[in-house]
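Residue numbers (the numbering used here), protein chains in the order written: chain A, 17 to 353; chain B, 17 to 353; chain C, 17 to 353. For reference, the structure discussed in these notes is given below.
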Amino acid sequence: MAAMVYKGAMQLKKVAELIHARLIGNGDVEIEQVCSIESASAGDLIFVEDKDNLPRALKSSASAVLVGDFGAADSSKPLLVCAQPRLAFARAARHLAPTSDHRYAIHPSAIVHPSARLAKEVQVDERVVIGEGVQIGSGSSIGAGSVIGAKVIIGNDCELHPNVTIYPGTRLGNRVVIQAGAVLGSDGFGYVRDKETGHYEKFPQIGRLEIEDDVEIGANSTIDRGALDVTRIGRGTKIDNLVHVGHNVQIGEDVVIAAQTGLSGSAVVQNNVVIGGQVGIADHVRIEEGAILGAQSGIPSNKIIRGKGIVFWGTPARPIREYLKELAVLARLAKRG
Amino acid sequence: MAAMVYKGAMQLKKVAELIHARLIGNGDVEIEQVCSIESASAGDLIFVEDKDNLPRALKSSASAVLVGDFGAADSSKPLLVCAQPRLAFARAARHLAPTSDHRYAIHPSAIVHPSARLAKEVQVDERVVIGEGVQIGSGSSIGAGSVIGAKVIIGNDCELHPNVTIYPGTRLGNRVVIQAGAVLGSDGFGYVRDKETGHYEKFPQIGRLEIEDDVEIGANSTIDRGALDVTRIGRGTKIDNLVHVGHNVQIGEDVVIAAQTGLSGSAVVQNNVVIGGQVGIADHVRIEEGAILGAQSGIPSNKIIRGKGIVFWGTPARPIREYLKELAVLARLAKRG
Amino acid sequence: MAAMVYKGAMQLKKVAELIHARLIGNGDVEIEQVCSIESASAGDLIFVEDKDNLPRALKSSASAVLVGDFGAADSSKPLLVCAQPRLAFARAARHLAPTSDHRYAIHPSAIVHPSARLAKEVQVDERVVIGEGVQIGSGSSIGAGSVIGAKVIIGNDCELHPNVTIYPGTRLGNRVVIQAGAVLGSDGFGYVRDKETGHYEKFPQIGRLEIEDDVEIGANSTIDRGALDVTRIGRGTKIDNLVHVGHNVQIGEDVVIAAQTGLSGSAVVQNNVVIGGQVGIADHVRIEEGAILGAQSGIPSNKIIRGKGIVFWGTPARPIREYLKELAVLARLAKRG
Chain A
17 MAAMVYKGAM QLKKVAELIH ARLIGNGDVE IEQVCSIESA SAGDLIFVED KDNLPRALKS
77 SASAVLVGDF GAADSSKPLL VCAQPRLAFA RAARHLAPTS DHRYAIHPSA IVHPSARLAK
137 EVQVDERVVI GEGVQIGSGS SIGAGSVIGA KVIIGNDCEL HPNVTIYPGT RLGNRVVIQA
197 GAVLGSDGFG YVRDKETGHY EKFPQIGRLE IEDDVEIGAN STIDRGALDV TRIGRGTKID
257 NLVHVGHNVQ IGEDVVIAAQ TGLSGSAVVQ NNVVIGGQVG IADHVRIEEG AILGAQSGIP
317 SNKIIRGKGI VFWGTPARPI REYLKELAVL ARLAKRG
Chain B
17 MAAMVYKGAM QLKKVAELIH ARLIGNGDVE IEQVCSIESA SAGDLIFVED KDNLPRALKS
77 SASAVLVGDF GAADSSKPLL VCAQPRLAFA RAARHLAPTS DHRYAIHPSA IVHPSARLAK
137 EVQVDERVVI GEGVQIGSGS SIGAGSVIGA KVIIGNDCEL HPNVTIYPGT RLGNRVVIQA
197 GAVLGSDGFG YVRDKETGHY EKFPQIGRLE IEDDVEIGAN STIDRGALDV TRIGRGTKID
257 NLVHVGHNVQ IGEDVVIAAQ TGLSGSAVVQ NNVVIGGQVG IADHVRIEEG AILGAQSGIP
317 SNKIIRGKGI VFWGTPARPI REYLKELAVL ARLAKRG
Chain C
17 MAAMVYKGAM QLKKVAELIH ARLIGNGDVE IEQVCSIESA SAGDLIFVED KDNLPRALKS
77 SASAVLVGDF GAADSSKPLL VCAQPRLAFA RAARHLAPTS DHRYAIHPSA IVHPSARLAK
137 EVQVDERVVI GEGVQIGSGS SIGAGSVIGA KVIIGNDCEL HPNVTIYPGT RLGNRVVIQA
197 GAVLGSDGFG YVRDKETGHY EKFPQIGRLE IEDDVEIGAN STIDRGALDV TRIGRGTKID
257 NLVHVGHNVQ IGEDVVIAAQ TGLSGSAVVQ NNVVIGGQVG IADHVRIEEG AILGAQSGIP
317 SNKIIRGKGI VFWGTPARPI REYLKELAVL ARLAKRG
């Protein structure tokens with residue numbers, strides 16, 4: 017497991033250039049890292065989204081403050097002004113934050129099948145197992161103890177943390193991040209009950225899992241491969257810890273799924289959907305473009321949820337306005353009752 | 017990690033024989049694999065449960081179709097006719113689907129305690145750790161990176177996927193399948209609060225976990241051993257991903273438990289129960305023979321759920337008919353209100 | 017993975033001394049282990065909390081019974097009398113129960129970075145990976161296949177079970193127990209959406225995770241480190257399996273969190289809170305001192321839950337008395353309706 021290394025200080029004017037921010041004040045200040053307002057000390061860059069927090073930020077020991085368009089002409093500290101300060105801060109962090117010290121080497125304790133094709137700049141950590149016919153693209157790293165099944169294809173600049181398991185045949189795009197302990201491509205939960213014996217027999221789970229570019233999967237999440245066809249996670253989708261995605265699920269692009277949510281077999285989630293934590297989505301549900309599902313809500317089998325920007329809540333999920341009205345009516349009756 | 021290998025083509029009449037199906041049409045057609053209707057091409061066997069889907073199946077490029085008793089006298093493709101087409105398809109798949117290329121070898125990187133007794137035909141993959149006094153039966157395979165604690169007993173023809181952890185003393189029957197990352201036999205969640213200090217102290221968690229024949233456990237699920245006695249998972253029970261089973265739980269035979277469901281300590285689930293996803297079962301609950309628990313429902317401590325074939329839903333769970341009536345009344349009141 | 021070893025028999029009077037119990041009857045009886053009433057045989061110590069269970073205990077084959085202050089003058093078996101019998105039983109178990117046979121050795125298959133500082137009495141099991149600059153205190157053990165990231169600090173007498181992953185920079189106090197497969201210090205779920213492209217970009221997740229003394233974390237649970245600052249789990253807190261703790265969460269002392277509960281980013285849980293299974297706590301929630309959250313309840317963003325010893329239930333969580341009243345009113349209306 018690689019150590020985290022600091023990249024060394026950078027002048028504020030260089031940061032401004034890298035994130036396309038407008039500089040106010042002394043650009044020669046040295047910035048070492050990003051930080052929260054609460055913990056900031058000299059060398060730190062902090063950010064403020066809301067003008068009301070600016071005085072607190074200026075009182076901190078940080079060396080510079082990244083602010084929104086509201087600016088601050090007479091600031092006691094140098095400022096970086098941006099239209100989207102949180103976004104700019106995240107980008108500045110990428111240039112400043114400590115990163116894994118990848119040395120693009122294959123640790124001698126790793127077991128790499130001779131037929132595997134690894135690009136030159138691939139980091140394979142301690143005790144990794146890489147199966148037959150695996151392909152891994154340039155700039156990718158595989159965390160200690162991970163097991164990469166036969167014929168898995170991993171694109172460029174992916175980062176797999178330790179103890180990840182990837183089942184045979186799974187395909188990952190570029191810049192995919194997998195947190196520790198996640199399982200990708202496991203057998204789906206499909207059985208057929210024999211009417212004569214009452215016993216369950218396994219339905220074939222021989223499909224594939226495909227994960228597109230820029231996806232992140234949280235720690236100990238599990239994504240099943242398709243039964244006969246493909247489970248797909250679309251470009252830019254972010255999945256939190258302990259999420260379950262069943263076989264044949266189709267998730268679109270730029271979808272956000274918070275922790276402990278579960279998607280049953282053959283569910284479809286279209287682009288730009290936002291799903292809270294502990295949501296339950298039953299089989300063959302369709303969540304259409306841009307809908308928002310509140311935490312713990314539940315969508316029964318075969319339902320369609322439609323409404324860009326509309327929040328749904330409860331089990332069975334309904335528009336939040338209706339749900340809140342129901343809760344209010346019920347509370348009123350109980351008080352009377 | 018073993019590669020997946022195709023078993024090679026088989027004549028349709030041979031498939032018919034293996035799954036006891038009635039053949040209509042040309043039995044010399046070569047079948048390579050099972051497939052979905054959507055993706056079928058030459059060499060594929062597909063299936064149809066519902067007569068309405070038959071025209072679509074016949075229009076596909078599949079080489080043969082497995083159908084129900086409704087048959088189809090004038091079919092453009094050879095047919096296999098069965099009473100339970102989905103079941104027959106699952107069985108055909110077992111003869112045709114690619115399977116792990118087990119070579120019944122112990123990988124040199126595995127660490128096997130000298131006192132462990134492994135049958136001759138056991139596959140132990142890369143980096144597996146097998147503890148003192150472990151017994152593993154013929155035909156079983158242990159996935160890369162798995163850790164098998166001391167005195168664990170594993171029966172015949174079991175399949176453990178990578179990175180599984182089994183605590184000491186756990187017993188598995190025959191044909192048990194464990195998906196990647198599952199933890200079997202972990203310490204239960206039992207503490208005693210010292211009334212004087214207010215601190216929690218650990219109650220002994222020194223019992224055992226027993227898993228009977230033909231059980232399947234999903235990826236990253238966790239099954240605690242008994243505190244003093246035994247946690248038991250009965251024959252033929254199927255457990256999905258990220259399920260939690262607490263200490264002392266007793267699960268009967270042919271039970272189905274969907275993803276992310278949790279069973280607290282000492283819960284009892286009798287035979288043939290079906291439990292949806294994200295269901296919460298509190299401690300000392302008893303779910304009696306054949307009851308069905310809808311997704312996300314919750315059963316409070318010490319409750320008994322009784323009713324073969326009856327669906328329960330909500331928290332606290334009640335017969336679904338009641339629950340739906342309540343939801344309808346509430347929605348009506350809110351609209352008025 | 018170390019084998020479990022029995023510590024050998026101990027005279028009952030010795031047990032009485034160790035747990036400060038009053039002995040009634042023959043103190044020379046040899047005790048081998050603790051046991052449940054149901055499974056007890058000669059050599060076993062059992063316990064009874066409720067006087068009504070005493071006759072059953074006395075009829076068992078156990079060699080001695082640990083009882084509450086209610087005592088039993090004319091007992092057929094020797095007794096140990098204690099104010100808190102369950103607690104005393106737990107403590108007796110610690111002296112009697114089988115424990116891992118730690119030999120304080122570093123297994124030759126472990127990979128320990130030369131810069132790591134391990135106390136003399138540290139047990140490092142098979143295939144463990146220990147990164148740069150790690151410190152591990154005396155009496156701690158690291159289970160097979162675990163990966164300990166750079167600069168992690170682990171105190172004394174900690175027990176890590178197999179296949180645990182700890183991200184760089186995480187700090188554990190003394191006597192911390194981590195069940196198998198848990199992930200400590202993973203990246204939090206924080207992204208910024210670019211208003212122009214609609215794509216999510218990662219907010220820096222470069223903070224730390226600190227776990228204080230006497231904490232236990234369940235199997236396959238995931239605890240994220242802080243985004244910029246620290247996620248903290250307070251002294252004596254016990255966390256069950258498959259629990260998710262998001263970035264920046266602050267959990268106090270002696271908190272109990274049952275399985276599959278999730279805490280979103282920046283939630284605060286004060287001392288002595290009890291949280292049931294599958295509870296969902298949204299971001300920036302504060303659960304104040306001593307509150308009790310019923311299983312599956314949900315706390316929406318930014319809410320404060322206040323009330324020492326008060327049980328809250330439902331989503332959104334409300335005092336259980338209110339919630340039960342609402343359920344009763346609704347059931348009545350539905351029956352009429």
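Even glycine gets a Cβ: it sits at the ideal position worked out from N, Cα and C.
Check your understanding: Taking the beta strand (DSSP E) that A/Leu39 falls in, what are its first and last residues?
Key -> In the first sequence, the residue the question calls residue 39 of chain A occupies position 23. Taken as a continuous stretch (DSSP letters only), the beta strand (DSSP E) holding A/Leu39 covers Arg38 to Ile40.
Check your understanding: Could you give the distance in angstroms between the alpha-carbon of C/Leu95 and the alpha-carbon of B/Ala243?
Key -> The sequence position of residue 95 of chain C within the third sequence is 79, counting from 1. The sequence position of residue 243 of chain B within the second sequence is 227, counting from 1. C/Leu95 and B/Ala243 have their C-alpha atoms roughly 22 Å apart.
Check your understanding: What residues of chain C sit near A/Ser52, judged by a beta carbon separation below 7 Å?
Key -> Here residue 52 of chain A refers to the residue found at position 36 of the first sequence. Result: Leu244 and Asp245.
Exercise for review: Pick helix, strand or coil for A/Lys218, following the three-state DSSP scheme.
Suggested key: Your numbering for residue 218 of chain A matches position 202 in the first sequence. Here DSSP, grouped into helix, strand and coil, assigns A/Lys218 to strand.
Check your understanding: Smallest Cα separation from A/Gly24: which of A/Asp60, A/Val128, A/Leu39 and A/Ala56?
Key -> If you number the first sequence from 1, residue 24 of chain A lands on position 8. Checking every option, the nearest Cα to that of A/Gly24 belongs to A/Asp60.
Review point. Beta-carbon of A/Gln266 versus every beta-carbon of chain C: anything under 9 Å?
Key: Within the first sequence, numbered from 1, the residue matching residue 266 of chain A stands at position 250. At least 9 Å separates the CB of A/Gln266 from every CB of chain C.
Exercise for review: Just the chain C side, please: which residues come within less than 7 Å of A/Glu142 by C-beta, in chain order?
Suggested key: The residue labelled residue 142 of chain A in the question sits at position 126 within the first sequence. The answer, in chain order, is Ile127 and Val145.
Practice item. May I ask which residues mark the beginning and end of the alpha helix (DSSP H) holding C/Arg110? Key: As a first step, residue 110 of chain C is located in the third sequence; it is residue number 94 there, counting from the start. It spans Pro101 to Leu112 - the alpha helix (DSSP H) in which C/Arg110 sits, taken as one unbroken run.
Review point. Of all the options B/His300, B/Gly281, B/Asp299 and B/Glu304, which has the alpha carbon lying nearest to the alpha carbon of B/Ile291?
Key: Residue 291 of chain B sits at position 275 when you count from the first residue of the second sequence. Closest by alpha carbon: B/Glu304.
Check your understanding: Within this structure, are the beta carbons of B/Leu225 and B/Thr277 separated by less than 9 Å?
Key -> Stepping through the second sequence from its first residue, residue 225 of chain B is reached at position 209. Stepping through the second sequence from its first residue, residue 277 of chain B is reached at position 261. Inclusion of B/Leu225 and B/Thr277 in the CB contact set at 9 Å is not warranted, their separation being larger than that value.
Practice item. Mind checking the stretch 32-61 of chain C against chain B and listing, in chain order, the residues whose C-beta falls within less than 7 Å of any C-beta there? Key: Cβ contacts with chain B come from Val50, Cys51, Ser52, Glu54 and Ser55.
Practice item. Could you please give the first and the last residue of the uninterrupted alpha helix (DSSP H) stretch that includes A/Ile336? Key: Here the question's residue 336 of chain A lines up with position 320 in the first sequence. First-last of the alpha helix (DSSP H) with A/Ile336: Ile336 to Arg352.
Check your understanding: How long is the line joining the alpha carbons of B/Leu134 and B/Ser157, rounded to whole angstroms?
Key -> Counting from one through the second sequence, the residue named residue 134 of chain B turns up at place 118. Counting from one through the second sequence, the residue named residue 157 of chain B turns up at place 141. Rounded to whole angstroms, the separation of the alpha carbons of B/Ser157 and B/Leu134 is 11 Å.
Check your understanding: Helix, strand or coil: which one does DSSP assign to B/Val138?
Key -> Along the second sequence, read from residue 1 onward, the residue named residue 138 of chain B stands at position 122. Coil.
Practice item. Inspect the CB distances between the stretch 260-271 of chain A and the stretch 262-279 of chain C and report whether three or more fall short of 8 Å. Key: Here the stretch 260-271 of chain A makes no contact with the stretch 262-279 of chain C; the two share fewer than three CB pairs at distances below 8 Å.
Check your understanding: Excluding the five sequence neighbours on either side, which residues of its own chain have a C-beta within less than 6 Å of the C-beta of A/Leu112, listed in chain order?
Key -> Within the first sequence, residue 112 of chain A is the residue found at index 96, counting from 1. Answer for A/Leu112: Gln49 and Val50, listed in chain order.
Exercise for review: Excluding the 5 residues preceding and the 5 following B/Arg322 in the sequence, name in chain order all residues of the same chain whose CB lies nearer than 6 Å to its CB.
Suggested key: For the purposes of this step, residue 322 of chain B is taken as residue 306 along the second sequence, with counting starting at 1. Annotation for B/Arg322: Glu304 place their beta carbon closer than 6 Å to its own, counting only its chain and skipping 5 residues before and after.
Exercise for review: Spell out whether any CB of chain C is found under 9 Å from the CB atom of B/Gln294.
Suggested key: Counted from its first residue, the second sequence places residue 294 of chain B at position 278. The beta carbon of B/Gln294 falls within 9 Å of a beta carbon belonging to chain C, placing the residue at that interface.
Review point. Taking the C-alpha atoms as reference points, what is the distance between A/Gly41 and A/Ile62?
Key: As a working note, residue 41 of chain A is residue 25 in the first sequence. As a working note, residue 62 of chain A is residue 46 in the first sequence. Rounded to the nearest angstrom, the two C-alpha atoms are 15 Å apart.
Practice item. Counting only the same chain and skipping the five closest in sequence on each side, list residues whose C-beta sits under 6 Å from that of A/Asn318. Key: As a first step, residue 318 of chain A is located in the first sequence; it is residue number 302 there, counting from the start. Once the five neighbours on either side are set aside, the close Cβ partners of A/Asn318 are His300.
**Study point:** Within chain C, partners of B/Val345 - CB distance below 8 Å
**Key:** The count along the second sequence starts at 1 and reaches residue 345 of chain B at position 329. Simply Leu346, Leu349, Ala350 and Gly353.
Practice item. Identify each residue in the stretch 74-101 of chain A for which the Cβ-Cβ distance to at least one residue of chain B is less than 8 Å, and report them in chain order. Key: Within the stretch 74-101 of chain A, contact with chain B at the beta-carbon level (separation under 8 Å) is assigned to no residue.
Point to revise | Any C-beta of chain A under 9 Å from that of B/Gln139 | key: Taking the first residue of the second sequence as 1, we reach residue 139 of chain B at position 123. Chain A contact via Cβ: absent.
Check your understanding: Just reading off the beta strand (DSSP E) that A/Glu226 is part of, what are its end residues?
Key -> In the first sequence, residue 226 of chain A corresponds to position 210, counting from 1. It spans Arg224 to Ile227 - the beta strand (DSSP E) in which A/Glu226 sits, taken as one unbroken run.
Exercise for review: Give the range of the alpha helix (DSSP H) segment to which B/Val31 is assigned.
Suggested key: Position 15 of the second sequence, counted from the first residue, corresponds to residue 31 of chain B. That run of the alpha helix (DSSP H) goes Leu28 to Leu34.
**Study point:** Pairwise C-alpha distance: A/Arg102 and A/Leu39
**Key:** Locating residue 39 of chain A in the first sequence gives position 23, where the first residue counts as 1. Locating residue 102 of chain A in the first sequence gives position 86, where the first residue counts as 1. Roughly 16 Å between the two C-alpha positions.
Review point. Leaving out the 5 sequence neighbours to the left and right, which residues in its chain are closer than 6 Å to C/Ile35 when beta-carbon positions are compared?
Key: Here residue 35 of chain C corresponds to residue number 19 of the third sequence, with the count starting at 1. Cβ neighbours of C/Ile35 beyond the five flanking positions: Ala104, Arg107 and Ala108.
Review point. Can you tell me whether DSSP reads A/Arg187 as helix, strand or coil?
Key: Position 171 of the first sequence holds residue 187 of chain A. Note: A/Arg187 maps to strand in three-state DSSP.
Check your understanding: What are the start and end residues of the alpha helix (DSSP H) that includes B/Leu74?
Key -> Looking up residue 74 of chain B in the second sequence gives position 58. Residues Leu70 to Lys75.
**Study point:** Supposed close pair A/Gly189, A/Glu217 - CB separation, criterion 8 Å
**Key:** By one-based count along the first sequence, residue 189 of chain A stands at place 173. By one-based count along the first sequence, residue 217 of chain A stands at place 201. Between A/Glu217 and A/Gly189 the Cβ distance is about 35 Å, and since that is not below 8 Å, they are no contact.
Practice item. Assuming B/Glu142 contacts A/Ile127 (C-beta within less than 8 Å), just tell me the rounded distance between them. Key: Working through the second sequence from its first residue, we reach residue 142 of chain B at position 126. Working through the first sequence from its first residue, we reach residue 127 of chain A at position 111. Right, their Cβ atoms sit about 5 Å apart.
**Study point:** Cutoff 6 Å; reference A/Gln195; Cβ partners in own chain excluding five residues on either side
**Key:** Position 179 of the first sequence holds residue 195 of chain A. Excluding its 5 nearest sequence neighbours in each direction, A/Gln195 has C-beta neighbours in its own chain below 6 Å: His177, Gly234 and Ala235, listed in chain order.
Review point. Along chain C, in chain order, which residues have C-beta atoms closer than 7 Å to that of B/Glu342?
Key: The sequence position of residue 342 of chain B within the second sequence is 326, counting from 1. By Cβ distance, chain C contributes Leu346, Ala347 and Ala350.
**Study point:** A/Lys167 - DSSP class collapsed to helix/strand/coil
**Key:** Position 151 of the first sequence holds residue 167 of chain A. Here A/Lys167 sits in coil by DSSP.
**Study point:** Among B/His123, B/Gly155 and B/Val289, nearest to B/Gly171 - alpha-carbon criterion
**Key:** Taking the first residue of the second sequence as 1, we reach residue 171 of chain B at position 155. The shortest Cα separation from B/Gly171 among B/His123, B/Gly155 and B/Val289 belongs to B/Gly155.
Check your understanding: chain C beta carbons: is any one of them nearer than 9 Å to that of A/Arg187?
Key -> Here residue 187 of chain A refers to the residue found at position 171 of the first sequence. It does not: the Cβ of A/Arg187 has no partner Cβ on chain C nearer than 9 Å.
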